[in-house]
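**Q**
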Amino acid sequence: MKIEQDHIRNFCIIAHIDHGKSTLADRILEKTGLLTEREMQDQVLDNMDLERERGITIKSQAVRTVYTAKNGEEYVFNLIDTPGHVDFNYEVSRSLAACDGAVLVVDASQGVEAQTLANVYLALDHDLDVFPVLNKIDLASSDPDRVAEEIEDVIGIEALDAPRISAKAGIGIEDVLESIVLKIPAPTGSPDKPLKCLIFDSLYDPYKGVIVFIRIFDGVIRPGERIRFMANGMEEEVAEAGYFGAGRFIPCDELSAGMVGYFTATIKDVREARVGDTVTSAITPCPEALPGYKKVNPMVYCGVYPADTRDYPNLRDALEKLQLNDASLTFEPETSLARGFGFRCGFLGLLHLDIITERLEREYDLDLVTTAPGVVYRVYKTDGAMIELTNPSNLPEPSEIDYMEEPVVSAEIMVSTEYLGAIIGLCQERRGIQTGMEYLEETRVLLKYDLPLNEIIYDFFDALKSRSRGYASFDYELKGYVRSELVKLDILINKEYVDALSFIVFKDSAYARGSRMCEKLKGEIPRHLFEIPIQAAVGGKIIARETVKAVRKDVLAKCYGGDISRKKKLLEKQKEGKKKMRQIGSVEVPKEAFLSVLKLDDE
Amino acid sequence: MEGKDISIYIHIPFCVRKCNYCDFNSLVPPSEDTVFFYTDALIREIKSRGELLSDRHLVSVYIGGGTPSFIPSSCIGRILDLISSYITIDDDTEITLESNPGTLNEMKIKDYVSFGINRVSLGLQSAVEEELKILGRIHSFEDFKENYDKLYWGGIDNINVDIMTSIPLQTPESLIKTLDEVIKLEPKHISAYSLIIEQNTPFYDKLRYGLLPLPSEEESYYIYKLSQEYLVSRNYARYEISNYSLEPGCSKNTGGKDYRCVHNPRYWDRGDYLGFGVSAASLMGDHRFTNTADLNEYASDPGQILSEDLMLGQKDAMAEFMFLGLRKTEGIRCADFKECFDVDIDKVYGRVMRYQIDRGFARTDGKDEEKRFCLTDTGLDYSNIVMSEYLLDP
């Protein structure tokens, strides 16, 4: 089939979490016949087990399908799925760069939420045409008229004629498909110009090597052609080009301007095909590269160590592979007294951290220990030098420190007036400074706060959710650095300083945080043959203490003929339990203990 | 020529009533027919495995339960009679019968003596009435004393008394009272077990609802140590974690004889033994097999339906050698390890052994061929932790 450029639609779906983005994507694929109902697996685009389990999209995914419109003509749809979470704005922005338009899904009862706004702004930044869709109209609580008005008021895009649908019940999907044809522009660009395409994602495949996801802006790409990566000047020969089927790659003869697809070459090193780079022809290169993406710096750092020190090289390999598909992940080697060799990794946020560590454990079968996550502090020394501190252990002596700065974000929180007091209270507890408050409607408020990043990376989302019964939504972006009174909180287990548990806190929070950590650790550290003091200290001064009492005896009174196998199982369990422990001095600390202190407010 | 040593265990799973802490394989038989039916099954099992006993030397028989003294003595007689048709039972063969106070009488004892039973274990647990009551025991302390005297004067003077520590309501004083009362009788052997709350017992449920007045952990540990020290100071030598025997030569009563149990150490020394009856375990060389714990299943084809049937590999056998042998206060003889496995113990366990000696959990005794390795009192207190270090990775 020859594809006319004006019959191509490259688009994505954007939405606040749980507003029904993935369900709509599935419906579109189903209606356009790419998937028969039998093939329909819930949420086709969410490939990873993790994505399906958590109901979120982490990786961008793309799929091509063909729609026969009411005018009788066939259109090729390239649907590029984007992550919905604030942590993954970087990935969103990559996917958006490959699109010409976006479908904005808004829950017809919940209305505009914080991420709705954030995603729309991102799309508009990329010059995409956005049209809204009101979803979940089958719910009794839905109020599409009100929400349409809200979209026009708050976002300023036309919404009164927005398709009113239920992706779940399959209502109104035709409307969405027609709107895609009518409202999203066809790609521009010329197949006759030199090749110019953007890498918006990539995937490592053990058989094909690196699979590069591209959007072609000009020219044509064919197998056998020599291409060049403009960032590093590397040249390769295209081995295969193709487009995206449902969950598989379909090779084709060529991809031309306006199309979305992939190519492979003999690319083995994960770092050669950087997302955001421009690919051009090696013979007739285009004069200049496409604007790359805004380089996003990690906001949250933590140490990641293999539980078994022999896994260190495997951990490095795994991180390298993950980095191929996730340029926002950074890591550098680090050693810890308690942990041995590991890496200090940088993440976009706590969810990102969570997902990466979980993927490392699941997909690469690694057993990990992570340290308390922290942000990047700026330490100004008395000698005039400034250091960027990612690891609390590297904090200079207090006498060498002139002052410190911490990163602050500007946050937008949308909440119904009912919970306004609770949320303002939360922000104050987290040292927030209110910068604005707007009534969007009578019952909904947009709160603006400057908050120290340190205060939101641990459990702010959870606290926000629980205090608003799930009705508040939240988004933030880094604002800058401000001077702050900060101290390093150390934890000592049986008088041994545990570097993995140190972190920087606001001076006035040190006591409360230290006490909670000691309490938490007391519950996690099994009793030993001796008493174990757990202490929190600031600058060598103990500010909190708990004690794990000693075991007095551990003995099986009876062991006769019939008891021996049972006894052996008991001893095996004892031995297994011990293997999972980390040795800190003479104390064995279970891995979970390190994680537990990160979640201090979970009860 | 005398054959290799073997021991026999016979399980009688019946009781007058089940105690509140008991998770053993035992039940109250619905009728006497059940008992006869079970005895028939035992007879069939012994017949089916009888050839394993030929050319062997029988060192001990242990009839345990349950409460073997609860069933008609004729049943016990039939069983021992059948065994003696496969293997010689001589005067040196220790034959122990487990019993509970209140289930013995002169007639039964006379029968037992005639069958060759020469040792009886009496489950007393406590001499304090409230403690007996809360445990759900069927007898009073008076019942115990009466049964004890009957045994003694009936011709069985090798008697073990089971007592228990960490009983709900128990105090150091009440423990001393129990010990004093028992020691007065000068039994040849005392077993002191600390109560463990097992799942699927009335105690377990009570504990969950906070209704069990157990001594605190500190008190419990104190009582446990007190029982050890008190018994040792009264000439009862601790030869295993929970077992004590009257020191030879300390009393006219011993006649200079060693009254350590012959049968139980067979388990710790990994000697061969055959277990007959429901849920009974056997070890023949490195072959361990255990009968099903389901009474109906067992009776349907006695000795053929197994819950466990495995050949121990050398690593498993080594671990067992250690964690069983170290239950004995005299520990293990290093030369025995070499003899069993044809490798120096030092090669396999040297590091662990030195580490445990350094931490005060173990020590060595003697030299060269007679060199022994054993746990200290502290090592025994933490024996689960210490012994787990002898398990070898496959």
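If you're matching them up, the sequences are chains A and B in order. Sequence positions in the first sequence follow our numbering and run 1 to 603. Sequence positions in the second sequence follow our numbering and run 604 to 997. Cβ atoms here follow ideal geometry from the backbone N, Cα and C, with glycine treated the same way. Just so it is clear, the structure is predicted and the values come from calculations on it, not from any experiment.
Could you give the residue range of the beta strand (DSSP E) that holds Ala-840(B)?
**A** By 1-based counting over the second sequence, the position of residue 840(B) is 237. First-last of the beta strand (DSSP E) with Ala-840(B): 839–843.
**Q** Secondary structure at Lys-208(A), three-state DSSP: helix, strand or coil?
**A** The residue labelled residue 208(A) in the question sits at position 208 within the first sequence. Coil.
**Q** Within the same chain, show all residues whose beta-carbon is closer than 8 Å to that of Lys-381(A), passing over the 5 residues directly before and after it, in chain order.
**A** As a working note, residue 381(A) is residue 381 in the first sequence. Result list for Lys-381(A): Ile-387, Pro-396, Glu-400, Ile-401, Asp-402, in chain order.
**Q** Please say whether Tyr-471(A) and Tyr-419(A) have beta carbons closer to each other than 8 Å?
**A** Numbered from its first residue, the first sequence carries residue 419(A) at position 419. Numbered from its first residue, the first sequence carries residue 471(A) at position 471. Cβ distance < 8 Å, so Tyr-419(A) and Tyr-471(A) count as in contact.
**Q** Where do the N-terminal and C-terminal ends of the beta strand (DSSP E) with Ile-173(A) fall, by residue?
**A** Numbered from its first residue, the first sequence carries residue 173(A) at position 173. Counting along the chain, Ile-173(A) falls outside any beta strand (DSSP E), though it belongs to the alpha helix (DSSP H) covering 173–183.
**Q** What first and last residue would you give for the beta strand (DSSP E) that runs through Gly-480(A)?
**A** Residue mapping note: residue 480(A) aligns to position 480 of the first sequence, counting from 1. Counting along the chain, the beta strand (DSSP E) containing Gly-480(A) begins and ends at 473–484.
**Q** Indicate whether at least one CB of chain B lies closer than 8 Å to the CB of Cys-559(A).
**A** By one-based count along the first sequence, residue 559(A) stands at place 559. True, the Cβ-Cβ gap to chain B drops below 8 Å.
**Q** Helix, strand or coil for Ser-688(B), going by three-state DSSP, please let me know.
**A** Indexing the second sequence from 1 puts residue 688(B) at position 85. Reduced to three states, the DSSP call for Ser-688(B) is coil.
**Q** How about Val-638(B) and Ile-674(B): do their beta carbons lie closer than 8 Å?
**A** Walking along the second sequence from the start, residue 638(B) turns up at place 35. Walking along the second sequence from the start, residue 674(B) turns up at place 71. In contact: Val-638(B) and Ile-674(B) (Cβ atoms closer than 8 Å).
**Q** Mind listing, in chain order, the continuous beta strand (DSSP E) runs of no fewer than 3 residues lying wholly within the segment 816–892 of chain B?
**A** Listed in chain order, the complete beta strand (DSSP E) runs (minimum 3 residues) inside the segment 816–892 of chain B are 839–843, 846–849, 876–879, 884–887.
**Q** Could you tell me which chain B residues have their CB closer than 7 Å to the CB of Lys-575(A), listed as they occur along the chain?
**A** Taking the first residue of the first sequence as position 1, residue 575(A) is located at position 575. Result: Ser-991, Leu-994.
**Q** Listed from N- to C-terminal order along the chain, which residues in the segment 546–572 of chain A have their beta-carbon within a distance smaller than 9 Å of any beta-carbon of chain B?
**A** Listed in sequence order: Lys-549, Val-551, Arg-552, Lys-553, Asp-554, Val-555, Leu-556, Ala-557, Lys-558, Cys-559, Tyr-560, Gly-561, Gly-562, Asp-563, Ile-564, Ser-565, Lys-567, Lys-568, Leu-570, Leu-571, Glu-572.
**Q** With distances taken from CA atoms, which of Pro-132(A), Arg-146(A), Asp-311(A), Ile-180(A) is nearest Ile-157(A)?
**A** For this step, residue 157(A) is matched to residue 157 along the first sequence. It is Pro-132(A).
**Q** Hey, how far is the Cα of Phe-331(A) from the Cα of Gly-374(A)?
**A** Taking the first residue of the first sequence as position 1, residue 331(A) is located at position 331. Taking the first residue of the first sequence as position 1, residue 374(A) is located at position 374. So the alpha carbons of these two residues sit roughly 14 Å apart.
**Q** Roughly how far, in whole angstroms, is the beta-carbon of Ile-221(A) from the beta-carbon of Val-210(A), given that I think they are within contact range, below 8 Å?
**A** In the first sequence, residue 221(A) corresponds to position 221, counting from 1. In the first sequence, residue 210(A) corresponds to position 210, counting from 1. Not really, about 15 Å apart at Cβ, beyond 8 Å.
**Q** Distance cutoff 8 Å, beta carbons only. Does Phe-926(B) sit that close to anything in chain A?
**A** Looking up residue 926(B) in the second sequence gives position 323. So yes, Phe-926(B) belongs to the interface.
**Q** Which residues in chain A have a C-beta closer than 7 Å to the C-beta of Ala-840(B)? List them in chain order.
**A** Taking the second sequence and counting its residues from 1, one reaches residue 840(B) at position 237. Within chain A, no residue comes near Ala-840(B); the closest Cβ sits about 18 Å away, beyond 7 Å.
**Q** If we call anything under 8 Å between Cβ atoms a contact, is Val-120(A) one with Ile-14(A)?
**A** Locating residue 120(A) in the first sequence gives position 120, counting from the first residue. Locating residue 14(A) in the first sequence gives position 14, counting from the first residue. Contact flag set, yes.
**Q** Whose C-beta lies closer than 8 Å to the C-beta of Lys-465(A) among residues of the same chain, with five residues either side of it excluded?
**A** On the first sequence, residue 465(A) is found 465 positions in, with the first residue counted as 1. Cβ neighbours of Lys-465(A) beyond the five flanking positions: Ala-472.
**Q** For a minimum of 4 consecutive residues, which ranges assigned as the alpha helix (DSSP H) are wholly contained in the segment 612–687 of chain B?
**A** Taking only runs of at least 4 residues, the alpha helix (DSSP H) segments lying wholly in the segment 612–687 of chain B are 635–652, 676–687.
**Q** Chain A partners of Gly-878(B), CB-CB under 9 Å?
**A** Locating residue 878(B) in the second sequence gives position 275, where the first residue counts as 1. Simply Gly-561, Gly-562.
**Q** Verify the CB distance criterion: does Ala-884(B) have a CB-CB separation below 8 Å to chain A?
**A** One-based indexing of the second sequence puts residue 884(B) at position 281. Output row for Ala-884(B): interface = yes.
**Q** Helix, strand or coil: which one does DSSP assign to Tyr-993(B)?
**A** In the second sequence, counting from the first residue as 1, residue 993(B) sits at position 390. Tyr-993(B) falls in the coil class under three-state DSSP.
**Q** Residues of chain A with CB under 8 Å from Asp-636(B), in chain order?
**A** Along the second sequence, one-based indexing puts residue 636(B) at 33. None at all; the shortest Cβ gap to chain A is about 26 Å.
**Q** Which term fits Thr-36(A), buried or exposed, when burial requires 16 or more other beta carbons within 10 angstroms of its beta carbon?
**A** For this step, residue 36(A) is matched to residue 36 along the first sequence. Residue placement at Thr-36(A) cannot be trusted, given a pLDDT of 46 that sits under 50; the coordinates are not used to answer.
**Q** By how many angstroms is the C-alpha of Gly-562(A) removed from the C-alpha of Leu-898(B)?
**A** Mapped onto the second sequence, residue 898(B) falls at position 295. Mapped onto the first sequence, residue 562(A) falls at position 562. Roughly 16 Å between the two C-alpha positions.
**Q** Pull up the distance between the alpha-carbon of Thr-435(A) and that of Ser-484(A), whole angstroms please.
**A** Translated into the one-based positions of the first sequence, residue 435(A) becomes position 435. Translated into the one-based positions of the first sequence, residue 484(A) becomes position 484. In a straight line, the C-alpha of Thr-435(A) is about 18 Å away from that of Ser-484(A).
**Q** Between which residues of its own chain and Ala-883(B) is the CB-CB distance below 6 Å, once the five residues before and five after are set aside?
**A** What you label residue 883(B) is simply residue 280 of the second sequence in a count that begins at 1. Correct list, in chain order: Tyr-612, His-614, Asn-894.
**Q** Could you tell me if Val-754(B) is buried or exposed, where buried requires 16 or more neighbouring beta carbons within 10 angstroms of its beta carbon?
**A** For the purposes of this step, residue 754(B) is identified with residue 151 of the second sequence, where counting begins at 1. A small fix is needed here, since residue 754(B) is Leu in this sequence, not Val. Classification of Leu-754(B): buried, given that the 10 Å Cβ count is 16 or more.
**Q** State the Cα-Cα distance for the pair Asp-872(B) and Phe-924(B), rounded to the nearest angstrom.
**A** Translated into positions along the second sequence, residue 872(B) becomes position 269. Translated into positions along the second sequence, residue 924(B) becomes position 321. Approximately 7 Å, taken between the alpha carbons.
**Q** Between which two residues does the alpha helix (DSSP H) harbouring Asp-145(A) extend?
**A** If you number the first sequence from 1, residue 145(A) lands on position 145. Here the alpha helix (DSSP H) through Asp-145(A) covers 144–150.
**Q** Pick out whichever of Thr-23(A), Leu-389(A), Lys-522(A), Pro-251(A) has its Cα sitting closest to the Cα of Pro-407(A).
**A** Here residue 407(A) corresponds to residue number 407 of the first sequence, with the count starting at 1. When each option's Cα is compared against that of Pro-407(A), the closest is Leu-389(A).
**Q** Following the continuous alpha helix (DSSP H) through His-352(A), name the residue where it begins and the one where it ends.
**A** Reading the first sequence from its first residue, position 352 is the one you call residue 352(A). Unbroken alpha helix (DSSP H) run through His-352(A): 350–363.
**Q** When you compare each of Glu-477(A), Leu-521(A), Leu-529(A), Ala-422(A) to Arg-545(A) by their alpha carbons, which one comes out closest?
**A** For the purposes of this step, residue 545(A) is taken as the residue at position 545 of the first sequence. The option with the nearest alpha carbon to Arg-545(A) is Leu-521(A).
**Q** Which whole runs of the alpha helix (DSSP H) in the segment 3–37 of chain A are 4 residues long or more, in chain order?
**A** Whole alpha helix (DSSP H) segments, 4+ residues: 21–31.
**Q** Check the DSSP bridge columns for Thr-65(A) and list the partner residues they point to.
**A** Here the question's residue 65(A) lines up with position 65 in the first sequence. The partner list for Thr-65(A) (beta bridge, DSSP) reads Phe-77(A).
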